[in-house]
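J.: Just passing along the structure, written as structure tokens.
The following block contains the structure:
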């Protein structure tokens, strides 16, 4: 195996630890803008259902690995280090690795994919299978237990709907950021709430309790000060963090907050429906069942006003076969399962499980 | 007079030129983020109508004087230099100045105003009248020929409605930037057009000729590339520059472009109506006449689809007394006329002209 000593001594541990038998492993990575997580999972024999809990040997955490945010060199160093950490923690080294499945944000084109593949190949020998994907793919796999079929809706600071068919076609909708109309996202919801405060203040819009509630949280004494607060820091996450206040106001009966959440529901449902329609995920009669994996803070259950539940209700009016799934495992585990599934396929082992056989929480709308 | 030598030799010329008689002058400044303009105008006796053309002695141009953009020191140096240039060009010096009216963007609070007043006072002796205002005030005055009464609607990259009553009350609406919902602005129009391209591409929205027309202008081959283009540069003006393409598409019959412009019209009209309502500019019966000064690229006459005309039509349904004005003079002249008007008032000379007597283009809706 080619030895590399990037970061000084990233892989030095391999000389120092004894390898535990001939156990083979898969690395699953979920690389995001906030943090990067690597899971080391043993290759387990196919079983139905999956073993519960899944056999995870180790978990390592590092910082941002989105190359658009921190640059290519820093992103790669982070990814390499988190893989080495996970292997060290599991008592394995690179000779035990059968596959690496890296799902990372900022991978939008085949050129992004190829760049990362080339660099991963410098670390791992040719018999190791390498898979590089956008981070939405790991989110889907975390709900479908590694199978690429169905649609994933991610609604956190941003929002995106990503879909895959069994024959390998894919489509996405939304996910173009706040300037390009991600109204359903956490940022979109919060920005509309801030706008509603300004509109109530200058007479263009109705009075709303969003004004007092949000100004209090931000420590501002007047809507005038909101302008300075808004443009003082370009971070989208800082604005999206106000979503719980908007939900609380809607739950308290505020009409303006209610309408903002309703708009978000319609936008999120529309992005899923666009993907389902383009891929024909619902079958020819529009009634076929398909999994919808739902991920991100905006979709998590609220008390009375549950955005995720409303989105599913909305979608099921057009596509009654929607099977909403809230993943039981994290995206890095989804990535590892995805790698495991790819390996199975490539080695002509047992066929992948069908959509009815997933071991996951399926909540009917 | 106190002598100052900021910028090395800003005022050196005063020792070198002979002063032309005892002619007294007013300086009117329009300080913006793109450029700063200073007009030197002689004090002329009150006449009705105003002399046409107005007696302007000189005009000097400099760069940005918004202290939020370039910092306080650079902003002040720019303002001082452009005043010195205008005086030099007019053959006057500071001893001829009776009043300075400075209308500058970034002046939003009385603390901003006081800071600039204190510094202006270091340049000009105490008998010189000093007035500091937000730049919307000069825009209004450019339409009302120096009188602070009525409403000004500015729609360029951003948008704002600003209103004043004869007894000194004022109100504003919109003008809080793109995150806080300036949908009617040039940026708002163009961002909605870019969003429409993404929505048509991913199946969430109808097909529109905005796609081909805007991608061609930007030299992009696919809507996918629009995301990178949008976030590559945070300048709002770069996006707002696409407004003429949206107007051309609407004029060619594109429904999506038409609806975006229609939305802009409603938003701009709403911001004016909010100001008129709050200030009672329309009188008790809602039918009183009031001037509406219209400024900025978005409101300039287009061929078939005239946003400014549609805005006036919309407002006149609620307030039939609206008197739209497209200024014949630039805002710096408006500032000089404002200074002239303040002087008149303070010296108990002839009363200000009434709204029926302005020498300006009044176009009935």
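Residue numbers (the UniProt record's numbering), protein chains in the order written: chain A, 1 to 365; chain B, 1 to 365.
Here a beta-carbon is modelled for each residue, glycine too, at the ideal position from N, C-alpha and C.
Less than 6 Å between C-beta atoms, sequence neighbours within five positions excluded: which residues of the same chain meet that for residue 267 of chain B?
T.: Around residue 267 of chain B: 183, 184.
J.: Distance, Cα to Cα, residue 310 of chain B vs residue 323 of chain A?
T.: Rounded to the nearest angstrom, the two C-alpha atoms are 47 Å apart.
J.: Out of B/180, B/271, B/84, B/89, point me to the one whose CA is closest to residue 230 of chain A's CA.
T.: That would be B/180, whose Cα lies nearest to the Cα of residue 230 of chain A.
J.: Decide if residue 46 of chain B is buried, meaning its Cβ has at least 16 other Cβ atoms within 10 Å, or exposed.
T.: Classification for residue 46 of chain B: exposed.
J.: Would you mind telling me which residues of chain A sit closer than 9 Å to residue 230 of chain B, beta carbon to beta carbon, in chain order?
T.: Near residue 230 of chain B (Cβ distances below 9 Å), the residues of chain A are 176, 177, 179, 180.
J.: Check the Cβ-Cβ distances between residue 210 of chain A and every residue of chain B, and say whether any is below 7 Å.
T.: With 7 Å as the cut-off, residue 210 of chain A does not count as an interface residue toward chain B.
J.: Give the DSSP-derived three-state secondary structure of residue 83 of chain A in the structure shown.
T.: DSSP places residue 83 of chain A in helix when its eight states are reduced to three.
J.: Using 10 angstroms around the beta-carbon of residue 255 of chain A, count the other beta-carbons present and answer buried if the total reaches 16, otherwise exposed.
T.: Classification for residue 255 of chain A: exposed.
J.: Are the beta-carbon atoms belonging to residue 335 of chain A and residue 103 of chain A less than 7 Å from one another?
T.: Yes, these two residues count as a Cβ contact at 7 Å.
J.: For the stretch 92–111 of chain A and the stretch 29–36 of chain A, state whether three or more C-beta atom pairs, one from each stretch, are separated by less than 8 Å.
T.: The answer is yes - the stretch 29–36 of chain A touches the stretch 92–111 of chain A, with three or more Cβ pairs under 8 Å.
J.: Which of helix, strand or coil does DSSP assign to residue 134 of chain A?
T.: Note: residue 134 of chain A maps to strand in three-state DSSP.
J.: In chain order, what residues of the same chain lie with their CB nearer than 7 Å to the CB of residue 63 of chain B, ignoring the 5 residues before and after it?
T.: Closer than 7 Å at Cβ, skipping near neighbours: 35, 36, 78.
J.: Could you give the distance in angstroms between the alpha-carbon of residue 118 of chain A and the alpha-carbon of residue 166 of chain A?
T.: Approximately 27 Å, taken between the alpha carbons.
J.: For residue 105 of chain B, report the span of its alpha helix (DSSP H) as first-last.
T.: Where residue 105 of chain B is concerned, there is no enclosing alpha helix (DSSP H), given that its DSSP letter is neither H nor E.
J.: Which residues in the same chain have their Cβ closer than 7 Å to the Cβ of residue 55 of chain A, if we skip the five residues on either side of it in sequence?
T.: Here the set comprises 41, 42, 44.
J.: How about residue 173 of chain B: is its C-beta nearer than 7 Å to some C-beta of chain A?
T.: Yes, residue 173 of chain B counts as interfacial toward chain A.
J.: Would you check if the distance between the CB atom of residue 192 of chain B and the CB atom of residue 116 of chain B is smaller than 7 Å?
T.: Against a cut-off of 7 Å, the Cβ pair of residue 116 of chain B and residue 192 of chain B comes out as no contact.
J.: Between which two residues does the alpha helix (DSSP H) harbouring residue 202 of chain B extend?
T.: Taken as a continuous stretch (DSSP letters only), the alpha helix (DSSP H) holding residue 202 of chain B covers 186–202.
J.: With a threshold of 7 Å between beta carbons, is residue 227 of chain B in contact with chain A?
T.: Yes, its Cβ sits closer than 7 Å to a Cβ of chain A.
J.: Spatial neighbours of residue 178 of chain A within its chain, please: CB distance less than 7 Å, with the 5 preceding and 5 following residues excluded, ordered by chain position.
T.: Excluding sequence neighbours, residue 178 of chain A sits near 187, 188, 191, 236.
J.: Quick check on residue 189 of chain B - is its C-beta less than 7 Å from some C-beta in chain A?
T.: Closer than 7 Å: no.
J.: Quick one: complete alpha helix (DSSP H) runs, 4+ long, within the stretch 40–87 of chain A?
T.: For the stretch 40–87 of chain A, whole alpha helix (DSSP H) runs of length 4 or above, ordered along the chain, are 67–70.
J.: Just to confirm before moving on: does the CB-CB distance between residue 279 of chain B and residue 155 of chain B stay below 7 Å?
T.: No.
J.: Mind checking residue 12 of chain A: buried by the 16 CB within 10 Å criterion, or exposed?
T.: Classification for residue 12 of chain A: exposed.
J.: With distances taken Cα to Cα, identify the nearest neighbour of residue 158 of chain B among B/15, B/130, B/296, B/87.
T.: Comparing Cα-Cα distances from residue 158 of chain B to each of B/15, B/130, B/296, B/87, the minimum goes to B/296.
J.: With a threshold of 7 Å between beta carbons, is residue 194 of chain A in contact with chain B?
T.: For residue 194 of chain A, the answer is yes, since a Cβ of chain B falls inside 7 Å of its Cβ.
J.: Do we get a CB-CB distance below 7 Å when we pair residue 203 of chain B with the residues of chain A?
T.: By this cut-off, residue 203 of chain B is an interface position.
J.: Give, in chain order, every residue of the stretch 250–274 of chain B whose Cβ lies closer than 7 Å to some Cβ of chain A.
T.: Against chain A - using a Cβ distance shorter than 7 Å - the residues of the stretch 250–274 of chain B are 270, 271, 274.
J.: Would you kindly work out how many angstroms separate the C-alpha atoms of residue 239 of chain B and residue 83 of chain A, rounded to a whole number?
T.: Approximately 41 Å between the Cα atoms of the pair.
J.: Let me see if you follow: with CB-CB separation under 7 Å, is residue 366 of chain B close to chain A or not?
T.: With chain B covering 1 to 365 only, the question about residue 366 of chain B has no answer from this structure.
J.: So, does the CB of residue 238 of chain A fall closer than 7 Å to a CB anywhere in chain B?
T.: Output row for residue 238 of chain A: interface = no.
J.: By a C-beta neighbour count over all protein chains shown, 10 Å radius and 16 as the cutoff for buried, is residue 111 of chain A buried or exposed?
T.: Classification for residue 111 of chain A: exposed.
J.: Along the stretch 273–295 of chain A, where does the CB come closer than 9 Å to a CB of chain B? Name the residues.
T.: So the list reads 273, 274, 275, 277, 278, given in the order they occur along the chain.
J.: Evaluate residue 314 of chain B with the Cβ neighbour count: other Cβ atoms within 10 Å of its Cβ, from every protein chain shown; 16 or more gives buried, anything less gives exposed.
T.: Residue 314 of chain B comes out buried.
J.: What does residue 199 of chain A touch in chain B if you count any residue whose Cβ is under 7 Å from its own?
T.: The answer, in chain order, is 181.
J.: Quick check: residue 339 of chain A and residue 287 of chain A, are their CB atoms within less than 7 Å of each other?
T.: Contact: no.
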